[in-house]
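Structure first, commentary second.
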Amino acid sequence: MQLLVNIDHVATLRNARGEGYPDPVEAAIVCENAGAAGIVFHLRGDRRHIRDEDVFRLKKNVIGILDFEMAATDEMLEICLAVKPDICTLVPEGREELTTEGGLNMESEYDDFEKRVIPVLKKAGIEISLFLDPIERDIELAAKIGADTIELHTGPFANASDEKQQQFEIDRLKESAILIHELGMKVNAGHGLNLVNLPVLIKHVPHLEDISIGHALVSKSLFWGLEKTVKEYMKIMKGVRK
Ligand code: PXP
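In this text, residue positions in the sequence shown follow my numbering: the first is 43, and each later residue adds one.
Here's what the structure looks like:
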């Protein structure tokens, strides 16, 4: 299990004042120096946080795993193929949403992904990760289409309003992780994770590999500093399991 830090919201803060700081690339370097295994960024169609020039600078400066999160538009595919990240995580994207709101619907995406998206990413040798809700049908279709990895959407677990709801979401994530593993794919997870819910997730859900954490980690770093915050997350990952 390893930590990939999503640095989108360092760019959000930068863009709030139209200055060149804080620099998401500098943040990525600090995270890697603190021990993070890699960096995630989401280049959105509206460029609300990460911008094209950040992407190319991240590619130049990130030593570990670079995970390019994006909607599967022709525009993003072209940029992704030029950048050649280690992982491409495909997500649904809505203009009005504050953040990614759910996983891909594989039934509606299947034909388009099979023809237009998967072959070019495979040819480029980029690991293909699909961001999915813990739904059996979506996971089976992801395996059929040739995905390497599933990133399980942990948002509903993270936002569960009581223990019963949290247990329900944990059970779904656990069953899905087992299925993904049995189908020969890698199990990643992300969305809404923080210092409180992460230990619960990794205690109960098996086979987890890359954990992508952004908003809560970057927010905490305002008070603790980025280096210390990354190290605290990594302590949890090492302490709870393995
Ligand atoms: N994984 C995916 C697919 C996401 O869209 C996001 C949010 O950008 C994250 C992980 C990280 O979520 P958070 O910022 O809530 O930690």
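Think of the CB as a built atom: it goes at the ideal place given N, C-alpha and C, for glycine as much as any other residue.
**Study point:** Cβ pair count under 8 Å reaching 3, the stretch 140-157 against the stretch 102-110
**Key:** no
Review point. Ligand 1 heavy atoms versus the CB of phenylalanine 155: any closer than 6 Å?
Key: The residue you call residue 155 lines up with position 113 of the sequence shown. Incorrect: phenylalanine 155 has no Cβ contact closer than 6 Å to ligand 1.
Check your understanding: CB of histidine 257 to nearest heavy atom of ligand 1: below 6 Å?
Key -> Position 215 of the sequence shown, counted from the start, is the residue given in the question as residue 257. Under cutoff, so the answer is yes.
Check your understanding: Going along the chain, which residues of its own chain have a beta-carbon closer than 6 Å to the beta-carbon of aspartate 96, five neighbours each way excluded?
Key -> Taking the first residue of the sequence shown as 1, we reach residue 96 at position 54. Only Pro66 meet the Cβ criterion.
**Study point:** CB contact flag (valine 229, leucine 250, <7 Å)
**Key:** Along the sequence shown, read from residue 1 onward, the residue named residue 229 stands at position 187. Along the sequence shown, read from residue 1 onward, the residue named residue 250 stands at position 208. In this structure, leucine 250 lies closer than 7 Å to valine 229 by Cβ.
Practice item. Kindly indicate which residue of Glu139, Asn201, Ser171, Asp94 has the alpha-carbon position closest to the one of aspartate 109. Key: The sequence position of residue 109 within the sequence shown is 67, counting from 1. The shortest Cα separation from aspartate 109 among Glu139, Asn201, Ser171, Asp94 belongs to Ser171.
Review point. Does ligand 1 have even one heavy atom less than 6 Å from the beta-carbon of phenylalanine 210?
Key: Your numbering for residue 210 matches position 168 in the sequence shown. Phenylalanine 210 Cβ: outside cutoff for every heavy atom of ligand 1.
Check your understanding: Does the Cβ of serine 254 lie closer than 6 Å to at least one heavy atom of ligand 1?
Key -> Here residue 254 corresponds to residue number 212 of the sequence shown, with the count starting at 1. Serine 254 Cβ: within cutoff of ligand 1.
Exercise for review: With a threshold of 16 other CB atoms inside 10 Å of the CB of alanine 231, please say whether the residue is buried or exposed.
Suggested key: Against the sequence shown, residue 231 aligns to sequence position 189. Label assigned to alanine 231: buried.
Review point. Whose CA, out of Glu61, Gly77, Asp50, lies closest to the CA of glutamine 44?
Key: In the sequence shown, the residue the question calls residue 44 occupies position 2. The candidate whose alpha carbon is nearest that of glutamine 44 is Gly77.
Exercise for review: Check whether the Cβ of asparagine 48 sits closer than 6 Å to any heavy atom of ligand 1, and report yes or no.
Suggested key: Here residue 48 refers to the residue found at position 6 of the sequence shown. True, at least one ligand heavy atom lies under 6 Å from that Cβ.
Check your understanding: Below 8 Å, can you find three or more Cβ-Cβ pairs linking the stretch 210-225 to the stretch 116-129?
Key -> no
Review point. Under three-state DSSP, which class holds alanine 228?
Key: Within the sequence shown, the letter at position 186 stands for residue 228. The sequence shown places lysine at residue 228, not alanine. Three-state result, lysine 228: strand.
**Study point:** Cβ pair serine 254, asparagine 48 closer than 7 Å
**Key:** Taking the first residue of the sequence shown as 1, we reach residue 254 at position 212. Taking the first residue of the sequence shown as 1, we reach residue 48 at position 6. The answer is yes: Cβ separation under 7 Å.
Exercise for review: For valine 159, count neighbouring Cβ atoms within 10 angstroms of its own Cβ and tell me buried if that reaches 16, exposed if not.
Suggested key: To locate residue 159, count along the sequence shown from 1; it is residue 117. It counts as buried.
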